[in-house]
């Protein structure tokens, strides 16, 4: 039979009492947390709608806006991509060029018709179409693909009098 001395028995009883107090504290704390969570999730919400001070047109146009503004099209770097603009059909209405089209050929292939928002491949997207260039978004960088302008060459006329 195992016998303990009086000091060991008192220390064992004291340890059990402290452990019981800690368990009781943990149970009370857990219950209080559960009660506060339950009151938060079952709280009555107000039936009155919140006051809207933002105009819906402005709110709906926000995804189309640029956070830091638009850069001027004249100071953009010219792209190094193997693309060539063969023609631009620009339609202006309400300062949006959503109906403008660009004829672009890739790697000397026949031209295809693209509009603003179309993807050319490899993450290159048409950002804007101006009168003399197509603005591309290439890996989150704005680049310019200019419409090549060839100078007119006039042939000399041989005028013969008969």
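In my numbering, the protein residues as written are 252 to 413.
Where is the CB? At the ideal position from N, CA and C, for every residue including glycine.
If one requires a minimum length of 3 residues, the beta strand (DSSP E) runs lying completely within the stretch 328-374 are 334-340, 352-357, 363-366 and 370-372, in chain order. Contact check for residue 380 against residue 327 fails: the beta carbons are separated by 9 Å or more.
When only Cα atoms are considered, residue 343 and residue 386 end up about 16 Å apart. In this structure, DSSP gives residue 396 an extended state, which the three-state scheme calls strand.
Taking a C-beta distance under 9 Å as the contact criterion, residue 396 and residue 330 qualify as a contact pair. Collapsing the DSSP output to three states places residue 311 in a helix.
Taking each of 335, 365, 366 and 368 in turn and checking the Cα distance to residue 358, the smallest one comes out for 335. Annotated as distal: residue 373 and residue 388, with beta-carbon spacing of 9 Å or more. The residue from 280, 337, 383 and 283 with its alpha-carbon nearest to that of residue 362 is 337. Looking at the DSSP output, residue 403 sits in no beta bridge, so it has no partner there.
Non-local C-beta neighbours of residue 376 in its own chain, meaning closer than 6 Å and more than five positions away in sequence, comprise 370 and 388, ordered along the chain. Collapsing the DSSP output to three states places residue 288 in a helix.
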